[in-house]
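A.B. asks: As given, the protein sequences belong to chains R and B, one line each in that order. First residue of the first sequence: 7, per our numbering; consecutive thereafter. First residue of the second sequence: 69, per our numbering; consecutive thereafter. Ideal Cβ positions, reconstructed from N, Cα and C, are used throughout, including at glycine.
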Amino acid sequence: MIEVLLSSPMLTIQDSGRTGWRHLGVPRCGMMDDLALRQGNLLLDNDEGAAALEITSAPVLLRFLRDSAIVLMGADMQASILDADIANTRQQRLLTGFVYLLRAGDCLRLNAAKTPGQRALLMVRGGIDVPLVLGSRSTDIMNGFGGLQGQALRAGDKIPVGEHPEKPLPLKTGVRQHSWNHTLRVLTGPDFAHFGQDSRRALFEKSWMVTAQSNRMGLRLQGDSLRQHDPTDQPSSRQLSIGVLPGLIQVPPDGQPILLAADAQTTGGYPAIASIISADLWQLAYMTSGTRVRFAQISLAEAHGLARHQQQQMLRLRDALRLRGEPA
Amino acid sequence: MSIPDPTISFVTEHGILLEFVAADSGTVDPSLQRRLCQLATLLREHSHTGPLLCDIVTAPGSLLLVLHDGRTARRLLRHAETLWRASAQKTIEPRIVTIPVVYGGEFGPDLEQAARVCGLSTTAFVECHAGGNYFVQSLGFMPGFAYLGGLHPQLHIKRKNTPSARVPAGSVAIGGSNTGIYPSESPGGWHIIGRTSVTLFDAQAQQPCLLKPGDTVRFIAQKEKQL
């Protein structure tokens with residue numbers, strides 16, 4: 007059990023997301039940086055997609071009610087471990103990507119993110135053990151289910167943690183948090199050709215600023231106005247909604263693109279100009295108001311290759327950790 | 069009716085969009101939509117295609133196939149084509165779901181205005197709406213929200229310019245050429261003509277959603293003016 011002593015906006019329980027229910031209108035949700043979730047879980051000998059905490063802002067203070075092992079990933083939030091009466095600091099400036107051990111009663115404080123809005127992840131050995139809803143523990147904030155009562159965590163909440171086998175964990179080996187560069191590789195979408203030449207060029211040549219109207223459903227960008235060919239020329243606009251996915255870049259009539267993120271609706275009617283490749287989707291977790299984003303076009307074959315490469319890297323990490331875990 | 073071959077495009081590297089009507093067309097033939105819903109079910113349940121698929125989303129005139137690995141697209145599409153051709157011969161009888169509705173009054177605040185716009189009395193409006201045979205074209209917007217096709221052309225009403233901030237759960241509404249029911253409270257831009265006490269979505273239930281793509285829906289006007 008972990009007790010929330012001090013909470014902050016959008017502190018939520020997320021796992022690798024909810025799939026198989028999109029035809030009923032159920033969004034994916036799940037950790038925005040799914041890559042870091044899986045790395046951290048592997049280090050803790052958890053299931054890759056086990057539920058953990060997504061921390062959007064600080065300060066946050068948590069008390070661990072029994073001996074625990076944790077891994078922090080994502081943005082550095084100047085974490086420290088305090089003893090039970092929160093008077094003495096046992097360990098300062100925890101590093102991301104390493105296992106730390108806490109004694110029952112110890113507290114974890116996350117102080118502040120260098121760039122507010124960039125997310126941190128807290129994985130705990132055994133995983134967060136809230137009930138599965140439609141196959142996932144992820145909190146669906148918009149629709150009010152999953153996680154703990156379908157809501158963001160508040161002070162006083164007690165978060166159940168799963169059981170785990172007693173096995174030594176690698177304390178000297180870490181995993182590397184992928185570093186974000188805010189350049190997203192994209193594929194052109196089904197409506198790309200309907201956009202004017204200037205707009206098609208602008209998408210790749212200009213930078214796009216993330217606005218404050220961004221959240222886990224979508225990131226709204228600001229920049230050149232993306233216009234379809236000739237507004238009077240048919241076919242120029244999409245009249246019927248289509249199924250949409252996280253990663254899709256939609257362009258509403260105001261010409262300012264929206265990047266669909268983890269909590270995105272399942273259908274949408276705006277033209278789909280491009281999509282972010284799955285290997286780069288994790289970067290959305292670190293794009294906040296004011297971030298300048300660039301898009302780079304790649305081919306479908308390259309996108310498939312990169313997805314496969316990322317999957318293989320994860321398998322290699324799992325094998326490497328498994329070997330290390332065995333007694334000498 | 070002949071159905072054209074779909075336009076196939078990748079919306080994301082793992083998501084294939086099959087479009088059976090031109091993107092600029094505003095209407096979809098109900099019999100085409102029924103076959104799309106049927107194809108989605110066949111693909112989900114078939115032993116060769118089910119394991120390749122993470123999700124299938126039915127939308128008006130299109131299907132989105134979400135693969136675990138986009139590289140299996142060719143294989144999946146080959147099977148889809150076979151299933152599509154085979155489905156031409158057999159039609160699955162749609163499931164009929166009956167939904168009791170209290171029309172107008174406090175439960176349907178927009179009924180009078182909607183009837184006026186359509187040039188009908190509220191009684192005629194309700195008779196027309198409750199007399200229809202609707203079918204679930206797709207679900208979206210929120211879990212369990214069904215876009216119902218088959219609305220009488222006389223009842224088509226443009227969405228509100230300014231959406232209502234709070235539409236209660238169970239509200240029966242009209243937006244453009246569709247009618248639908250809000251499964252839970254939310255903001256909404258459709259015209260609210262009545263309310264049902266039926267539960268449309270429950271994430272905790274074994275079958276979370278009352279309506280599925282392809283179902284037939286009938287509304288029954290309740291005489292007593294309470295839920």
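Report back the beta-carbon spacing between R143 of chain R and I19 of chain R to the nearest angstrom; my notes put them in contact at under 8 Å.
C.D. replies: By 1-based counting over the first sequence, the position of residue 143 of chain R is 137. By 1-based counting over the first sequence, the position of residue 19 of chain R is 13. Confirmed, Cβ separation roughly 6 Å.
A.B. asks: Which residue comes first and which comes last in the alpha helix (DSSP H) that contains T145 of chain R?
C.D. replies: Start at 1 with the first residue of the first sequence, and residue 145 of chain R comes out as number 139. No alpha helix (DSSP H) holds T145 of chain R; DSSP gives it neither H nor E.
A.B. asks: Sorted by chain position, which residues of the same chain lie with C-beta nearer than 6 Å to I304 of chain R's C-beta, five sequence neighbours on each side aside?
C.D. replies: By one-based count along the first sequence, residue 304 of chain R stands at place 298. Closer than 6 Å at the Cβ level, and outside the excluded window around I304 of chain R, lie R191.
A.B. asks: Curious, which full-length beta strand (DSSP E) runs of at least 3 residues does the region 185-258 of chain R contain?
C.D. replies: For the region 185-258 of chain R, whole beta strand (DSSP E) runs of length 3 or above, ordered along the chain, are 189-194, 214-216, 224-228 and 254-256.
A.B. asks: Please confirm if E81 of chain B has its CB atom under 8 Å from at least one CB of chain R.
C.D. replies: The count along the second sequence starts at 1 and reaches residue 81 of chain B at position 13. Output row for E81 of chain B: interface = yes.
A.B. asks: So with CB distances below 8 Å, who are the chain R contacts of Q272 of chain B?
C.D. replies: What you label residue 272 of chain B is simply residue 204 of the second sequence in a count that begins at 1. The contacting residues are V139 and F151.
A.B. asks: Tell me which same chain residues have a C-beta within less than 7 Å of the C-beta of E253 of chain B, skipping the five on either side of it?
C.D. replies: Within the second sequence, residue 253 of chain B is the residue found at index 185, counting from 1. The residues are R234, V235, P236 and A237.
A.B. asks: Three-state secondary structure (DSSP) at C122 of chain B?
C.D. replies: Taking the second sequence and counting its residues from 1, the one referred to as residue 122 of chain B is at position 54. If DSSP states are grouped into helix, strand and coil, C122 of chain B belongs with the strands.
A.B. asks: Are the beta-carbon atoms of V299 of chain R and L251 of chain R separated by less than 8 Å?
C.D. replies: As a working note, residue 299 of chain R is residue 293 in the first sequence. As a working note, residue 251 of chain R is residue 245 in the first sequence. No, they are not a contact pair.
A.B. asks: Does the beta carbon of A136 of chain R come closer than 8 Å to any beta carbon on chain B?
C.D. replies: On the first sequence, position 130 is the one that residue 136 of chain R refers to. The amino acid occupying residue 136 of chain R in the given sequence is Val; Ala does not appear at that position. Answer no: the Cβ-Cβ gap between V136 of chain R and chain B never drops below 8 Å.
A.B. asks: Does the structure place the region 13-28 of chain R close enough to the region 151-163 of chain R that three or more beta carbon pairs sit under 8 Å?
C.D. replies: Yes: the two stretches touch, three or more of their Cβ pairs being nearer than 8 Å.
A.B. asks: How many whole angstroms separate the CB atoms of S295 of chain R and S220 of chain R, which I take to be in contact at a CB cut-off of 8 Å?
C.D. replies: On the first sequence, residue 295 of chain R is found 289 positions in, with the first residue counted as 1. On the first sequence, residue 220 of chain R is found 214 positions in, with the first residue counted as 1. Their Cβ separation, rounded to whole angstroms, is 7 Å, which keeps S295 of chain R and S220 of chain R in contact under 8 Å.
A.B. asks: List the residues of chain R that A127 of chain B touches, going by C-beta distances under 8 Å, in chain order.
C.D. replies: Within the second sequence, numbered from 1, the residue matching residue 127 of chain B stands at position 59. In chain order: L246, S247, I248, G249 and T273.
A.B. asks: Between which two residues does the beta strand (DSSP E) harbouring T267 of chain B extend?
C.D. replies: Taking the first residue of the second sequence as position 1, residue 267 of chain B is located at position 199. Element bounds for T267 of chain B: n/a, residue is neither H nor E.
A.B. asks: For E174 of chain B, which of helix, strand or coil comes out of DSSP?
C.D. replies: For the purposes of this step, residue 174 of chain B is identified with residue 106 of the second sequence, where counting begins at 1. Helix.
A.B. asks: I need the DSSP call for P98 of chain B, collapsed to helix, strand or coil.
C.D. replies: Walking along the second sequence from the start, residue 98 of chain B turns up at place 30. DSSP places P98 of chain B in helix when its eight states are reduced to three.
A.B. asks: What is the DSSP secondary structure of S28 of chain R, counted as helix, strand or coil?
C.D. replies: One-based indexing of the first sequence puts residue 28 of chain R at position 22. The sequence as given places Arg at residue 28 of chain R; Ser does not occur at that position. R28 of chain R: helix per DSSP, three-state reduction.
A.B. asks: For the region 300-313 of chain R, list every residue whose C-beta sits within 7 Å of some C-beta in chain B, in sequence order.
C.D. replies: Of all residues in the region 300-313 of chain R, L306, A309, H310 and A313 have a Cβ within less than 7 Å of some Cβ in chain B.
A.B. asks: What separation, rounded to the nearest whole angstrom, lies between the Cα atoms of E297 of chain B and Q155 of chain R?
C.D. replies: Residue 297 of chain B lies beyond the range of chain B shown here (69 to 295); nothing can be said about it.
A.B. asks: Can you find a CB in chain B that lies within less than 8 Å of the CB of G23 of chain R?
C.D. replies: Locating residue 23 of chain R in the first sequence gives position 17, counting from the first residue. Answer no: the Cβ-Cβ gap between G23 of chain R and chain B never drops below 8 Å.
A.B. asks: Is the CB-CB distance between S130 of chain B and L85 of chain B below 8 Å?
C.D. replies: What you label residue 130 of chain B is simply residue 62 of the second sequence in a count that begins at 1. What you label residue 85 of chain B is simply residue 17 of the second sequence in a count that begins at 1. Cβ distance < 8 Å, so S130 of chain B and L85 of chain B count as in contact.
A.B. asks: Enumerate, from N- to C-terminal direction, the unbroken beta strand (DSSP E) stretches of 3 or more residues contained entirely within the region 231-292 of chain B.
C.D. replies: Complete beta strand (DSSP E) runs here, min 3: 232-235, 239-243, 246-249, 254-256, 259-263 and 284-289.
A.B. asks: With a threshold of 8 Å between beta carbons, is L85 of chain B in contact with chain R?
C.D. replies: The sequence position of residue 85 of chain B within the second sequence is 17, counting from 1. Cβ-Cβ to chain R under 8 Å: yes for L85 of chain B.
A.B. asks: Please determine if the region 166-186 of chain R and the region 36-48 of chain R are in contact, where contact requires at least 3 C-beta pairs separated by less than 8 Å.
C.D. replies: Judged by Cβ distances under 8 Å, the region 166-186 of chain R makes contact with the region 36-48 of chain R, as three or more pairs qualify.
A.B. asks: Just to confirm the assignment, what range does the beta strand (DSSP E) spanning T95 of chain R have?
C.D. replies: Here residue 95 of chain R corresponds to residue number 89 of the first sequence, with the count starting at 1. Counting along the chain, the beta strand (DSSP E) containing T95 of chain R begins and ends at T95 to Q97.
A.B. asks: Going by beta-carbon coordinates alone, are G208 of chain B and T25 of chain R separated by less than 8 Å?
C.D. replies: Here residue 208 of chain B corresponds to residue number 140 of the second sequence, with the count starting at 1. Here residue 25 of chain R corresponds to residue number 19 of the first sequence, with the count starting at 1. The answer is no: Cβ separation not under 8 Å.
A.B. asks: Please say whether C35 of chain R and R69 of chain R have beta carbons closer to each other than 8 Å?
C.D. replies: Mapped onto the first sequence, residue 69 of chain R falls at position 63. Mapped onto the first sequence, residue 35 of chain R falls at position 29. No; because the gap between Cβ atoms is not below 8 Å, this pair is not in contact.
A.B. asks: Strictly under 8 Å for the Cβ-Cβ distance: is A108 of chain B near chain R by that measure?
C.D. replies: Numbered from its first residue, the second sequence carries residue 108 of chain B at position 40. Answer yes: the Cβ-Cβ gap between A108 of chain B and chain R drops below 8 Å somewhere.
A.B. asks: Select from the region 270-295 of chain R all residues with a C-beta closer than 7 Å to any C-beta belonging to chain B, and list them in chain order.
C.D. replies: Correct list: Q271, T272, T273, A278, S281, I283 and S284.
A.B. asks: On a Cα-Cα basis, can you pick out the residue from B:H259, B:A108 and B:T284 that is closest to V185 of chain B?
C.D. replies: Position 117 of the second sequence, counted from the start, is the residue given in the question as residue 185 of chain B. The shortest C-alpha separation from V185 of chain B is found at B:H259.
A.B. asks: I need the boundaries of the alpha helix (DSSP H) containing S46 of chain R, first residue and last residue.
C.D. replies: Position 40 of the first sequence, counting from 1, holds the residue named residue 46 of chain R. Residue 46 of chain R is actually Gly in this sequence, not Ser. Residues D40 to L49.
A.B. asks: Identify which residue in R:R328, R:T95, R:L11 and R:S284 has its Cα closest to the Cα of L135 of chain B.
C.D. replies: Position 67 of the second sequence, counting from 1, holds the residue named residue 135 of chain B. Comparing Cα positions, the closest option is R:S284.
A.B. asks: Check whether chain B comes within 8 Å of E169 of chain R, counting only Cβ atoms and requiring the distance to be less than that.
C.D. replies: Locating residue 169 of chain R in the first sequence gives position 163, counting from the first residue. Judged by the 8 Å Cβ criterion, E169 of chain R is not in contact with chain B.
A.B. asks: Would you grab the beta carbon distance between Q234 of chain R and H200 of chain R for me? Rounded to a whole angstrom, and I think it's under 8 Å.
C.D. replies: Here the question's residue 234 of chain R lines up with position 228 in the first sequence. Here the question's residue 200 of chain R lines up with position 194 in the first sequence. At roughly 5 Å, the Cβ-Cβ gap stays under 8 Å, so Q234 of chain R and H200 of chain R are in contact.
A.B. asks: Would the region 103-118 of chain B count as touching the region 277-288 of chain B if we require 3 or more Cβ pairs under 8 Å?
C.D. replies: Output reads yes: the region 277-288 of chain B touches the region 103-118 of chain B.
A.B. asks: Run the CB neighbour count on M83 of chain R, radius 10 Å, all protein chains shown included, and call it buried at 16 or more, exposed below.
C.D. replies: Residue 83 of chain R sits at position 77 when you count from the first residue of the first sequence. The residue is buried, with at least 16 neighbouring Cβ atoms inside 10 Å.
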